[in-house]
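Asker: Dropping a structure here in structure tokens format, bear with me for questions.
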Amino acid sequence: MLTDSDLQAIWLTIRLAGITTLILLLIGTPIAWRLACSRSWWKGPLGAVVALPLVLPPSVLGFYLLLAMGPFGPVGQLTTALGLGTLPFTFWGLVVASSFYSLPFMVQPLQNAFESIGERPLEVAATLRASPVDTFFSVVLPLAKPGFITAGVLTFAHTVGEFGVVLMIGGNIPGVTRVASVQIYDHVEAMEYADAHRLAAVMLIFSFTVLLAMYVRRPKPSRGD
Amino acid sequence: MDSINARFKLDWPGFTLDVDLALPGRGVTALFGHSGSGKTTLLRCLAGLERPSHGRLEFKGKIWQDDKTWLPTHQRPIGYVFQEASLFAHLNVLGNLNFGLKRSATAQRVGLEQAIELLGIGHLLERKPDTLSGGERQRVGIARALAVGPEILLMDEPLAALDLKRKQEILPYLERLHDELAIPVIYVSHSPDEVARLADHIVAMDGGRVVADGPLVETLARLDLPIRLGEDVGVVLDATVGSVDSEWHLARVDFAGGSLWTRDRGVPTGKHVRVRVLARDVSLAVHHPEPSSIQNVLDGTVESMAADDHPGLLLVRVQIGASQLVARLTRRSAAQLGIAQGLPVSVQIKSVALME
């Protein structure tokens with residue numbers, strides 16, 4: 001069946017996608033909330049920036065991130081000054097890059113979920129003595145739960161499917177940056193088609209299962225009224 | 226000290242709210258007007274859901290808003306009932322009721338139990354909002370607002386989203402609120418019937434301004450009320466059930482100035498009721514009329530007259546003892562009868578609506 005290096009790549013992929021999803025839950029939620037609530041002029045530009053990774057070639061994103069995180073880039077100088085070294089060709093470099101790459105997959109479903117809640121439940125909560133922060137945790141989060149599930153699953157799955165950015169930032173270091181998609185590429189390059197088949201089938205089944213689960217359990221919209 | 230003083234100025238594209246009001250600190254005050262008159266906006270200003278550019282709001286001696294002060298909604302001791310019940314979909318009925326209760330310093334368990342009893346929702350507590358009927362949801366919405374132990378209850382057309390049957394299901398509960406609540410209630414409505422049933426005080430609004438403001442009975446008897454009521458022009462009389470004629474299934478209600486017979490609806494003798502008499506159901510005669518199918522004939526004096534919406538019609542206010550009725554006549558019949566101020570007339574009343 002799967003070789004040890006395949007399993008290592010799969011485990012690395014899961015770790016990368018899991019950590020990226022957690023980080024994006026923390027970063028993406030406030031961004032989505034601001035985008036959903038704001039009527040300010042910067043809502044458009046910010047929304048466009050968040051959506052950029054959807055259309056940008058991964059190599060372009062990877063190129064800029066490589067420059068920024070490299071020894072002469074601003075991020076690289078900061079991480080060096082903090083004694084962390086530079087991020088490219090490390091696992092955490094991949095995490096940073098994935099967080100940018102998958103940002104819209106977290107923010108957009110959450111923004112939709114927040115917007116569909118509308119003003120009314122927030123007003124109701126205020127008339128029932130809930131402060132804005134209280135309202136966010138006791139009303140907005142529970143009502144947006146389906147949106148959080150969708151956003152989390154999409155972010156995880158999209159990070160699993162990442163390839164171009166990984167090559168630009170991470171290269172191909174076994175156990176450090178060689179994720180499943182890169183491993184398949186290696187198998188094909190080495191003409192190991194049987195190995196490529198097995199791993200590709202695992203990825204295919206995984207992706208299909210995730211999407212199936214989401215489409216089957218897509219909740220019927222339920223409202224208070 | 227006991228009143229609510231509100232002054233708001235709010236400019237939106239196409240709409241301006243400009244009011245300066247003293248609302249009574251007790252009883253039910255109806256904010257009445259057609260849609261777009263600003264009544265809901267005024268209510269939202271009272272709740273702090275809108276922030277007018279200029280305003281001052283003083284509630285029983287405490288400042289909620291002025292140039293320096295802004296008390297956010299969640300710090301105001303209000304209860305608010307929205308037009309749609311707007312229950313939290315992720316909580317069951319009890320969770321909805323407890324939401325405000327847990328966060329309110331003034332709420333008491335007793336208040337919750339009272340609210341549940343008052344609105345008759347004890348059997349619904351474990352249900353989710355999407356399994357309730359529209360009427361049940363609105364009753365839960367009202368109980369939820371009461372459960373926080375508010376010092377004032379603000380209601381934004383709580384019946385408007387319901388069909389006639391559901392309205393009739395809720396109205397008795399609202400009438401109980403009127404009788405049993407010690408706190409002031411501000412009730413937004415465009416329905417003259419609801420206002421006549423529930424209000425003690427009326428604030429009539431049009432185009433973002435207050436056009437009439439006063440106790441219900443006197444205000445409805447005004448002929449110069451600047452809002453068009455059409456078929457709903459009429460007065461409300463405070464009355465007592467004097468006796469019940471069980472043979473004919475009629476009840477006699479006594480008001481200051483006379484008595485009226487109406488269908489017996491099982492209201493016990495001695496109970497205070499409201500009687501609504503619409504102008505279109507009142508006709509006048511100069512001589513005492515021949516016996517007819519009309520049972521209610523009273524003696525009165527023409528007090529004043531005013532033009533009605535239609536040029537062929539006239540509104541006539543008749544003094545009957547200490548009370549007043551309004552009659553709608555055609556101008557021609559008024560001229561033929563020689564209706565003039567001070568003329569003694571017989572007042573025939575075709576129909577009377579009794580409201581508990």
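If you're matching them up, the sequences are chains X and A in order. The first sequence begins at 1 in the working numbering and counts up by one. The second sequence begins at 226 in the working numbering and counts up by one. Backbone N, C-alpha and C define an ideal beta-carbon position, used for all residues, glycine too.
If the cut-off is 8 angstroms on Cβ atoms, which residues from the segment 118-131 of chain X count as contacting chain A, listed in chain order?
Answerer: Taking 8 angstroms as the cut-off between beta carbons, the residues of the segment 118-131 of chain X near chain A are R120, P121, E123, V124, A125, A126, T127, L128, R129, A130, S131, in sequence order.
Asker: Quick check on G459 of chain A: does DSSP put it in helix, strand or coil?
Answerer: strand
Asker: From the DSSP output, which residues share a beta bridge with T254 of chain A?
Answerer: A:I411, A:H426
Asker: Using CA coordinates, which residue listed in A:F233, A:L248, A:A247 is at the minimum distance from T241 of chain A?
Answerer: A:F233
Asker: Consider the Cβ of V139 of chain X: report whether some Cβ of chain A lies at a distance smaller than 8 angstroms.
Answerer: yes
Asker: Based on Cα-Cα distance, which residue from A:N323, A:A330, A:A314, A:A372 lies nearest to Q300 of chain A?
Answerer: With distances taken between Cα atoms, Q300 of chain A lies closest to A:A330.
Asker: Does the structure place the segment 138-158 of chain X close enough to the segment 331-343 of chain A that three or more beta carbon pairs sit under 8 angstroms?
Answerer: no
Asker: Output yes or no for whether 8 angstroms exceeds the beta carbon distance between T494 of chain A and V460 of chain A.
Answerer: Cβ atoms of T494 of chain A and V460 of chain A: not closer than 8 angstroms.
Asker: List the endpoints of the continuous beta strand (DSSP E) containing L538 of chain A.
Answerer: 538-545
Asker: Is there a C-beta anywhere in chain X that falls below 8 angstroms from the one on G325 of chain A?
Answerer: yes
Asker: Using C-beta distances below 7 angstroms, list every residue in its chain close to V527 of chain A, excluding the 5 sequence neighbours before and after it, in chain order.
Answerer: V541, V543, I564, A565, Q566, G567, L568, V570
Asker: For the alpha helix (DSSP H) holding Q363 of chain A, just list the boundary residues, first then last.
Answerer: 359-372
Asker: Between the alpha carbons of R391 of chain A and G359 of chain A, how many angstroms are there, rounded?
Answerer: The straight-line gap from Cα to Cα measures roughly 7 angstroms.
Asker: Does the distance from the C-beta atom of V96 of chain X to that of M69 of chain X stay below 8 angstroms?
Answerer: yes
Asker: Kindly indicate if chain A contains any beta-carbon less than 8 angstroms away from that of L143 of chain X.
Answerer: Interface residue, yes.
Asker: Rounded to the nearest angstrom, what separates L350 of chain A and G161 of chain X at their Cα positions?
Answerer: For L350 of chain A and G161 of chain X, the distance between alpha carbons rounds to 47 angstroms.
Asker: With L380 of chain A and V420 of chain A assumed to form a contact (beta carbons below 8 angstroms), what rounded beta-carbon distance in angstroms separates them?
Answerer: For the record, residue 380 of chain A in the displayed sequence is Met; it is not Leu. Contact between M380 of chain A and V420 of chain A is absent: CB atoms are separated by about 12 angstroms, not below the 8 angstroms threshold.
Asker: For V107 of chain X and L204 of chain X, what's the separation of their Cα atoms in angstroms?
Answerer: 25 angstroms
Asker: Decide if the segment 260-268 of chain A is in contact with the segment 424-433 of chain A; the criterion is three or more beta carbon pairs, one per stretch, under 8 angstroms apart.
Answerer: yes
Asker: Take every Cβ of the segment 365-377 of chain A, pair it with every Cβ of the segment 297-313 of chain A, and state whether three or more of those distances are shorter than 8 angstroms.
Answerer: Yes: the two stretches touch, three or more of their Cβ pairs being nearer than 8 angstroms.
Asker: Whole angstroms are fine: how far does the CA of L25 of chain X sit from the CA of A126 of chain X?
Answerer: Each residue's alpha carbon lies about 26 angstroms from the other.
Asker: Determine, using beta carbons only, whether R453 of chain A and D506 of chain A come nearer to each other than 8 angstroms.
Answerer: no
Asker: In the DSSP assignment, find the unbroken alpha helix (DSSP H) run with R391 of chain A in it and report its ends.
Answerer: Segment 389-405, the alpha helix (DSSP H) holding R391 of chain A.
Asker: Since R328 of chain A meets chain X, which of its residues come closer than 8 angstroms, beta carbon to beta carbon?
Answerer: L128, R129, A130, D134
Asker: Can you pull out the residues from the segment 394-422 of chain A whose beta carbon lies closer than 9 angstroms to at least one beta carbon of chain X?
Answerer: Hits within the stretch: zero.
Asker: What ranges does the beta strand (DSSP E) occupy inside the segment 140-218 of chain X, keeping only unbroken runs of at least 3 residues that lie completely in it?
Answerer: Under the rule that a run must span 3 or more residues, no beta strand (DSSP E) segment is found entirely inside the segment 140-218 of chain X.
Asker: Does G224 of chain X come within less than 8 angstroms of chain A when only Cβ atoms are used?
Answerer: Because G224 of chain X carries a pLDDT of 40, less than 50, the predicted location of this residue cannot be relied on, and the following value inherits that uncertainty. Put simply, the CB of G224 of chain X is near chain A, with a gap under 8 angstroms to one of its CB atoms.
Asker: Mark E361 of chain A as exposed unless 16 or more other C-beta atoms lie within 10 angstroms of its C-beta, in which case mark it buried.
Answerer: buried
Asker: Compute the beta-carbon to beta-carbon distance between V577 of chain A and V502 of chain A, rounded to the nearest angstrom, for a pair I have assumed lies under 8 angstroms.
Answerer: 6 angstroms
Asker: Run the CB neighbour count on G273 of chain A, radius 10 Å, all protein chains shown included, and call it buried at 16 or more, exposed below.
Answerer: buried
Asker: Listing by chain order, which chain X residues have their CB less than 9 angstroms from the CB of V335 of chain A?
Answerer: Near V335 of chain A there are no residues of chain X at all, since even the closest Cβ is about 18 angstroms away, more than 9 angstroms.
Asker: Of all the CB atoms in chain X, is at least one closer than 8 angstroms to the CB of I346 of chain A?
Answerer: no
Asker: Starting from the Cα of V182 of chain X, find the closest Cα among X:D195, X:V140, X:L167, X:W11 and give me that residue.
Answerer: For the residues X:D195, X:V140, X:L167, X:W11, the minimum Cα distance to V182 of chain X belongs to X:L167.
Asker: According to DSSP, is R477 of chain A part of a helix, a strand, or is it coil?
Answerer: Strand.
Asker: State the Cα-Cα distance for the pair D524 of chain A and A437 of chain A, rounded to the nearest angstrom.
Answerer: 30 angstroms
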